[in-house]
Amino acid sequence: MSWLKRLTGSTDAIEDARKRAAHDSEPVPESTSDESSALPGGWGKPDVSDEGDVIVIALQAPGLEADTVSVEPKGSSLQVRAEGERGPGEHIKLDEALKFPEGSDLSGATASYSDDKLVVRIPKAGIKQQAG
326 MSWLKRLTGS
336 TDAIEDARKR
346 AAHDSEPVPE
356 STSDESSALP
366 GGWGKPDVSD
376 EGDVIVIALQ
386 APGLEADTVS
396 VEPKGSSLQV
406 RAEGERGPGE
416 HIKLDEALKF
426 PEGSDLSGAT
436 ASYSDDKLVV
446 RIPKAGIKQQ
456 AG
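So the sequence shown is numbered by this note's numbering: it starts at 326 and just counts up by one.
Pasting the structure below:
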């Protein structure tokens with residue numbers, strides 16, 4: 326199960342995020358991670374919001390190291406990676422692919438980590454609107 330689905334406790338976390346966000350017309354990313362991975366304790370639910378020209382995904386994620394946080398566009402997916410330590414011998418690794426509509430340009434996406442919060446910002450201009 327993806328971390329978004331595990332955190333929201335829903336079988337359709339993306340649809341729930343669309344309902345919560347003020348940008349129902351904007352595509353919300355779909356997670357494609359391995360459903361069997363475990364979620365570190367202390368991590369909160371993701372907050373997906375519309376901040377004008379960007380979609381912001383914020384997640385309380387204690388234990389990550391800021392210098393390991395990265396985002397890498399791969400076609401119409403955005404690979405989010407980070408690592409850290411929760412305690413002696415307890416390694417944390419986040420490797421999550423967020424899928425967007427085909428043809429999206431995610432090269433302007435950024436990620437940051439501060440005060441135990443991971444924040445991913447995705448410019449709306451690069452997200453291709455789905456027909457329909």
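Glycine included, each C-beta is placed from N, C-alpha and C at the ideal position. Model, not experiment: these values are computed from the prediction.
Contact set for residue i: own chain, Cβ-Cβ below 7 Å, skip 5 residues either direction
i	result
LYS449	GLU351, ASP378, VAL379, ILE380
LEU431	PRO398, LEU403, PHE425, ILE447, GLY451
Contacts around residue i, its chain only, beta-carbon distance under 6 Å, and the 5 residues preceding and following it disregarded
i	result
GLN404	GLU397, ALA422
ARG446	VAL379, VAL381, THR435
PRO387	GLY367, ASP441
LEU443	LEU384, ALA386
SER402	ALA422, LYS424
SER395	ARG406
THR393	ALA407, GLU408
GLY369	GLN385
First through last residue of the beta strand (DSSP E) which encompasses residue i
i	result
THR435	435-439
ILE417	415-424
GLN404	402-412
SER374	372-375
GLN385	379-385
LYS442	442-448
GLU397	395-399
Buried or exposed by the 16-neighbour rule on C-beta atoms within 10 Å, applied to residue i
i	result
ALA434	buried
PRO371	buried
LYS418	exposed
ALA391	exposed
GLY414	exposed
SER429	buried
Cβ shell of residue i (< 8 Å), same chain only, five flanking positions each side left out
i	result
GLU410	GLY388, GLU390, HIS416, ILE417
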